[in-house]
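Under UniProt numbering, the residues of the sequence shown are numbered 1 to 327, in order.
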Amino acid sequence: MDMDFLPFVIIFISVVAVVEGFVFLISWRTNPEKKRINQQLKMLSRQKEQLAYDDFDITRKTRELSSVPWLNELLQKIPRLLPTDRLIEQARAPYTMSVYILAALLLFFVGTLIFHALTKTFLVAVPAGLAMSYLPFLFLIMKKNSRMKKFDAQLPDALDLMARALKAGHAFPGGIQMVAKEFDDPIGIEFAKVVEETNFGVGVEEALRNLANRFDSSSDLKFFAIAVMIQRESGGNLAEILESIARIIRERFKLMGTIRTLSAEGRLSAIILVAIPFFVAFALSIMNPQYITVLATDPIGKALAFTSLVMMAVGIYIMKKTIQIKV
1 MDMDFLPFVI IFISVVAVVE GFVFLISWRT NPEKKRINQQ LKMLSRQKEQ LAYDDFDITR
61 KTRELSSVPW LNELLQKIPR LLPTDRLIEQ ARAPYTMSVY ILAALLLFFV GTLIFHALTK
121 TFLVAVPAGL AMSYLPFLFL IMKKNSRMKK FDAQLPDALD LMARALKAGH AFPGGIQMVA
181 KEFDDPIGIE FAKVVEETNF GVGVEEALRN LANRFDSSSD LKFFAIAVMI QRESGGNLAE
241 ILESIARIIR ERFKLMGTIR TLSAEGRLSA IILVAIPFFV AFALSIMNPQ YITVLATDPI
301 GKALAFTSLV MMAVGIYIMK KTIQIKV
């Protein structure tokens, strides 16, 4: 072989190897069976990591609110912080309560100083600082709502899996264990906690009640827990009950989608009405800044700006309640 062609041969072999690698990777990811196995392996490893991350211990009666011992004892003595701790647990937040309280205090002081430097008055700076201090808890609420929605979306498939397991001859705890193994977070992790509780001797009814308390905004989960409790006391075909609940949940999701489509015009109108004042203020600050600076320098302008923001907040709340339809 002529040595002049050797670089071209090496390049050709390298290109073929890279292409074959891409083809193998794509075929692996698109193969249904291999893809299913890969997803199950990922879910199992993720569940193991998340359960270890949660430091789940059924024998522990209280959650750790801070990694600092004296601060943890102090926070444990404040009953008003229990709803915040419940929010952190529901959102599966990565930090303890003390971190979010510290972040809220820091945002309050920073926001107050910044707005006082801009407006030269505490009348605007303090409310602005309070609004900024709410941001960590707003993040927790959004994370919680997202997790709740995902849980509700997974629940019908989980109930169907449990119904099929019951028809195949498995016991009810075995069906719960199947859901814990087959599903991703949040329902896989939460059902794994139910399995852990039952393994520690907690009754199934009590474990389901604890699950419903962790997801207190999910009415579908409450229906499931109540149905299981009634069935265990009075008897009946639990598999058919679970299938009926799953079917009702899916029908409700369809109805919610229809309502969301019909109310899309109202939601778009609300977004436009909320955005117009800010857009006009931004445009005026570029074209004629004198009109906007009066709102930050003149006492009457500050009062008008504050009143306008309060009225806008009330209007946003009313519009949200108007277009929000519960099913």
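Glycine included, every Cβ here is placed at the ideal spot set by N, Cα and C.
Between residue i and the rest of its own chain, which residues show a CB-CB distance below 7 Å, the 5 nearest in sequence each way excluded?
i: Ala52; result: Reliability fails at Ala52, whose pLDDT of 43 lies under 50, so the model's placement of it is uncertain and the value that follows must be treated cautiously. Answer for Ala52: no residue qualifies.
i: Ile292; result: Ala281, Leu284 and Ser285
i: Val124; result: Phe115, Lys302 and Phe306
i: Ala93; result: Leu140 and Lys143
i: residue 331; result: This structure gives no information on residue 331, because the portion of the chain shown stretches from 1 to 327.
i: Gly174; result: Ala165
Leaving aside the five residues before and after residue i along the sequence, list all residues of the same chain whose C-beta is less than 8 Å from its C-beta, in chain order.
i: Gly240; result: Checking the sequence shown, residue 240 turns out to be Glu, not Gly. Excluding sequence neighbours, Glu240 sits near Ala163.
i: Pro69; result: none
i: Leu309; result: none
i: Leu295; result: Gly301, Lys302, Leu304 and Ala305
i: Arg250; result: Pro156
Assign residue i to buried or exposed, taking buried as 16 or more other Cβ atoms, counted over all protein chains shown, within 10 Å of its Cβ.
i: Glu243; result: buried
i: Thr261; result: exposed
i: Lys77; result: exposed
i: Ala180; result: buried
i: Asp216; result: exposed
i: Val314; result: exposed
i: Ala264; result: exposed
i: Gly188; result: buried
i: Pro79; result: exposed
i: Arg147; result: buried
Quick one: measure Cβ to Cβ for residue i and residue j, integer angstroms, because I've assumed they're closer than 8 Å.
i: Phe139; j: Gly129; result: At roughly 17 Å, the Cβ-Cβ gap does not stay under 8 Å, so Phe139 and Gly129 are not in contact.
i: Leu197; j: Ala212; result: The sequence shown places Glu at residue 197, rather than the Leu named in the question. Incorrect: roughly 13 Å between the Cβ atoms, too far for contact.
i: Ala227; j: Ile245; result: 6 Å
i: Phe183; j: Ala158; result: 6 Å
i: Arg214; j: Gln90; result: 6 Å
i: Leu102; j: Ser133; result: Their Cβ separation, rounded to whole angstroms, is 11 Å, which puts Leu102 and Ser133 out of contact at 8 Å.
i: residue 332; j: Val202; result: Residue coverage of the chain in this structure runs from 1 to 327, which leaves residue 332 outside it and unanswerable.
Among the residues of its own chain, which have a CB less than 6 Å from the CB of residue i, if the five just before and after it don't count?
i: Met319; result: Ala270
i: Leu71; result: Ser98
Query raised in the report: What alpha helix (DSSP H) runs, 4 residues minimum, are completely inside the UniProt domain "Type II secretion system protein GspF" (159-284)?
Result: 172-182, 187-199, 204-214, 219-234 and 238-262
Query - Every unbroken beta strand (DSSP E) within the stretch 89-158, with a cutoff of 3 residues, ordered by chain - result: none
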